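Notes for the one structure printed next.
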Amino acid sequence: MKDKILMKGNEALAEAAIRGGCRYYFGYPITPQNEVPAYMSKRLPEVGGVFIQAESETASINMVYGACASGARAMTSSSSPGISLMQEGISYIAGSEVPAVIINVMRGGPGLGNISPSQADYLQSVKGGGHGDYNVIIFAPSTVQELADYAYDSFDVAFKYRNPVMILADGVLGQISEGVILPEFKEIKDAPEWALGKGKERNIIRSLFLNPEDRLTTHNIHLQEKYRRIEKEIQYFEEYKCEDAEYLIVAYGTTSRICKSAIDNMRNNGIKIGLFRPISLWPFPYAKLKENAASKETLFVVEMAYNQLEQDVRIGVEGAAPIERLNKLGGSVFNEEEIIDFISNSITLKGNKYVG
Amino acid sequence: MLNKIVLAGFGGQGIIVAGKLLAISAMNEKKETTHYPSYGAEMRGGTCSCSVVVGDNLIASPIIKNPDIALIFNKPSKEKYEPLMRHGGIMILNKSLIEDTNLRGDIKKYLIKASEIAEQLGSVKSTNMVMLGAFVKATSIIKLDAIINSLTIAFPNAKEKAIELNIRALEAGYNNLE
Amino acid sequence: MSDKKYLYKKTAVLTDKSSHYCPGCSHGLVHKMLAEIIEEFGIQKKTIFVAPVGCAVLLYDYIDCDTLEAAHGRAPASATGIKRSNPDNVVIAYQGDGDLLAIGMAETIHAANRGENITVIFINNAIYGMTGGQMAPTTLVGQKTLTTPLGRNPSNEGYPIGACELLNTLTAPYFIERCKVNSSKTAIYTKKVLKKAITNQMNNKGYSFVEILSNCNTNWGMTPLDANKWIDENVEKIFPVKNFRDGDAK
Ligand SMILES: Cc1ncc(C[n+]2csc(CCOP(=O)(O)OP(=O)(O)O)c2C)c(N)n1
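Chains as they are written, first to last, in our numbering: chain A, 1 to 356; chain B, 357 to 534; chain C, 535 to 784.
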């Protein structure tokens with residue numbers, strides 16, 4: 001087995017993306033993801049790639065649109081305010097069925113907010129974010145290793161479905177350094193037939209449908225059929241100590257790893273509790289969650305946001321178990337003790353609570 | 357075993373790289389570890405810190421509320437972290453830059469004239485290595501050899517001479533702990 | 535405090551808060567000059583700042599005037615909204631080079647082209663300060679930054695953009711000048727220019743633009759003194775300090 005090396009999340013994802021075939025990076029500085037462009041600016045020229053610091057996130061995403069439309073493996077990264085600016089472009093990319101990889105290292109909002117870790121862009125990411133009926137495939141890693149692994153795989157997924165893929169990380173994952181085993185360099189085959197300048201036939205990439213014979217309705221139905229297929233094929237989740245659990249935490253990303261440790265702690269005190277962690281946030285693993293929720297006393301949804309993940313949890317659980325929320329607002333991270341306190345208390349007391 | 361370690365001082369004292377070196381050494385010793393820097397606007401105004409967590413299992417949170425151990429490089433950091441220390445925690449103070457070294461009664465205190473020792477060795481820039489050496493002696497969480505062996509990984513572009521200076525600084529920290 | 539005479543006193547338009555700026559940064563000096571002008575003109579109550587996204591985002595902590603915090607690059611648009619709905623107020627947009635020339639280029643050009651009766655203060659420090667030192671549109675050729683690790687290379691990153699030169703191609707702007715504040719002499723002159731740019735607005739003359747060559751010693755990796763010298767020796771070669779347009783002179 002290869003040795004682990006210590007790498008910062010932002011740098012590990014950048015290196016892994018390059019190993020997954022990424023040769024074009026377009027981005028604009030914003031904390032807490034600045035190490036991604038800094039790394040790419042050094043590393044991409046070494047592997048024959050191109051780094052461009054765009055003049056804005058609006059430009060970044062449209063550069064990605066252009067590069068990916070011509071079949072290149074291109075990506076951008078940003079943090080919450082910048083991702084908001086990209087939403088128009090992401091809608092175009094989804095509408096024109098172009099693959100693309102977007103990294104969101106979330107920070108506190110709304111507005112300029114702060115630069116601390118947050119999970120408050122959940123709904124923006126999983127429910128569309130821009131205009132029109134579309135979905136972005138969302139992966140939520142919880143360690144630097146996973147961050148690297150999903151960055152590596154996301155290009156294959158994006159190209160397979162001709163759909164944008166977003167990796168939803170946060171300030172903690174971007175900034176921590178942990179041991180990571182980097183994947184091998186991938187051989188990238190020629191650009192696909194549909195790509196601009198690459199096909200045997202003339203290719204037009206567009207999202208405008210005005211003619212009666214190629215109506216937008218037909219296009220939307222086609223997109224929805226694709227989304228149903230993706231929903232069948234991508235259902236990523238992790239179950240942690242769920243077998244005998246009477247209580248269940250639902251959490252993702254950074255929050256989930258803190259919950260795992262809280263669970264170990266509570267189990268030492270006799271509380272039978274487990275974790276259900278969605279990894280693909282869209283498609284959300286509703287069915288698996290429901291299965292897990294069925295016999296539980298209570299589900300605790302723990303997130304660094306107000307009632308966002310919980311909305312999907314409620315859709316999945318369909319009333320099969322009572323749900324309580326523990327929310328942390330404004331770009332601050334849970335500590336284990338407050339999760340343990342909240343859950344231990346609420347097992348005897350009932351009531352909702354959020355920590356400022 | 358789980359150790360929550362904070363390194364704090366001002367920018368330019370090599371806080372972040374010292375923390376990285378510590379984390380790399382822990383990883384090479386087959387321990388689980390995370391390194392988390394203070395970042396962005398937090399860094400303005402000159403203060404700088406990082407958190408290193410070392411344990412046997414996957415580290416839950418890299419963010420430290422109550423440190424077990426703190427390597428304190430300057431006075432403002434002492435004032436910031438003293439009230440946050442876990443009961444019975446360890447503080448290692450850079451005596452060169454901290455006049456008043458009185459601490460809460462329950463904290464185990466170690467002193468080292470880190471900046472002066474570094475200066476005598478040839479560069480105040482190795483203050484961070486002196487502090488790390490002192491940390492090894494005070495806590496024995498990581499062996500001195502493990503840190504020395506990780507130097508070339510942490511500083512891949514460093515010249516042999518610089519590595520040698522770092523080793524001497526680590527050893528001086530180890531041997532001069534008060 | 536009876537009959538003591540102060541030779542120098544901090545203007546009341548500046549708050550007592552100590553600033554987050556790095557020692558030697560030009561932002562602090564420009565804040566002070568603006569605050570002094572506002573006091574002298576007696577317009578503290580009617581001045582509205584538009585604070586940018588950048589190192590000066592906390593401008594409202596230091597200058598005691600009404601302030602709108604704009605989105606990154608959008609200050610001229612937000613300032614337009616304020617001024618059109620409050621023509622009697624003095625509206626000052628204060629922006630960095632990333633804010634004004636990269637993400638906000640469209641807003642910059644179009645506010646100028648409409649001849650909005652606002653004053654735009656442009657702090658050109660040839661780098662992104664707040665985010666830790668990435669390339670800015672004004673980064674010099676060959677200048678090393680976080681995102682140009684080998685130095686800015688025109689074949690990949692193009693050339694530094696001159697804001698004054700660009701705006702000077704438009705018909706509408708009333709006043710355009712580039713200054714520097716790296717010595718007491720140049721700072722005293724710059725203060726006069728700032729006064730003029732604000733007076734123009736009070737006299738309903740239209741769009742006034744003042745670019746100030748500034749240092750970012752931290753991200754340039756220099757001492758403040760070396761950074762100030764670097765402005766004379768390098769920055770000014772690319773960005774000549776001069777008046778580009780003065781409507782009064784016509
Ligand atoms: C939409 C958006 N993108 C990126 C950022 C991150 N950001 C904050 S300040 C800044 C650039 C600041 O540079 P400049 O305008 O030159 O001002 P300075 O800090 O140098 O004074 C950036 C990119 C943001 N806040 N919002």
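Virtual Cβ for every residue (Gly too), placed ideally from N, Cα, C.
Source: prediction; values computed, not measured.
DSSP places Y247(A) within a strand segment (E or B) once states are collapsed to three.
A straight-line Cα-Cα distance of about 40 Å links N658(C) and A158(A).
Counting the other Cβ atoms within 10 Å of the Cβ of K200(A) gives fewer than 16, which makes it exposed. The three-state secondary structure of V165(A), taken from DSSP, is strand.
For N777(C), the secondary structure class from DSSP, reduced to helix, strand or coil, is strand. In this structure, DSSP gives C698(C) a helical state, which the three-state scheme calls helix. Sequence-ordered contacts of the region 750-777 of chain C with chain A are nonexistent [C-beta pairs closer than 8 Å]. Distance from the C-beta of C589(C) to the nearest heavy atom of ligand 1 is below 7 Å. Any Cβ of chain B closer than 8 Å to the Cβ of G66(A) would place that residue at the interface, and such an atom is absent. By the C-beta criterion, the region 727-741 of chain C is judged not to be in contact with the region 767-774 of chain C, since fewer than 3 inter-stretch pairs fall below 8 Å.
The beta carbon of I258(A) falls within 8 Å of a beta carbon belonging to chain B, placing the residue at that interface. Only buried fits D121(A), as 16 or more other CB atoms lie within 10 angstroms of its CB.
Here H391(B) is buried. Its C-beta has 16 or more other C-beta atoms within 10 Å. Under the Cβ criterion of 8 Å, L326(A) is not counted among the residues facing chain B. The residues G132, Y134 and S207, in chain order, have a CB closer than 7 Å to that of G95(A) in the same chain once the five nearest residues on each side in sequence are set aside. W282(A) sits away from I103(A), with the two beta carbons spaced by 8 Å or more. Sequence-distant Cβ neighbours of K2(A) in its own chain, meaning closer than 7 Å and more than five residues away, are I181. A contact is defined here as three or more CB-CB pairs under 8 Å, and the region 26-41 of chain A meets this definition with respect to the region 60-75 of chain A.
Per DSSP, the continuous alpha helix (DSSP H) segment holding R43(A) begins and ends at E35 to E46. Contact between the region 458-473 of chain B and the region 428-443 of chain B is present, with at least three C-beta pairs closer than 8 Å. Interface flag for Y555(C) against chain A is unset, since no Cβ pair is found closer than 8 Å.
The beta carbon of L414(B) sits closer than 8 Å to some beta carbon of chain A.
A direct Cα-Cα distance of roughly 35 Å separates V126(A) from E46(A). Ligand 1 has no heavy atom closer than 7 Å to the beta-carbon of P694(C). Residue pairing from DSSP places T581(C) in a beta bridge opposite V624(C). Within a 10 Å sphere around the beta-carbon of S689(C) sit fewer than 16 other beta-carbons, which makes this residue exposed.
Counting only residues of its own chain and dropping the five nearest sequence neighbours on each side, K260(A) has a CB closer than 7 Å to the CB of Y240 and L275. Exclusion of the five residues before and after Q235(A) leaves S280, P283, P285 and K288 as the residues of its chain whose Cβ lies within less than 7 Å of its Cβ.
Listed along chain B, the residues sitting closer than 7 Å to I176(A) by beta-carbon distance are T390, H391, Y392 and P418. Identification of residues in the region 27-59 of chain A having a C-beta nearer than 7 Å to some C-beta of chain B yields T31 and P32, given in sequence order. Judged by beta-carbon spacing, E324(A) lies within the 8 Å limit of T298(A), meaning their Cβ atoms are closer than that value.
Straight across, the Cα-Cα distance linking T389(B) with I415(B) is about 6 Å.
At least 8 Å separates the beta-carbon of C406(B) from that of I454(B).
H391(B) carries a strand assignment under DSSP once its states are collapsed to helix, strand and coil. Contact of P141(A) with chain C is not assigned, every C-beta pair being separated by 8 Å or more. Between C404(B) and F366(B), the alpha-carbon positions lie close to 5 Å from each other.
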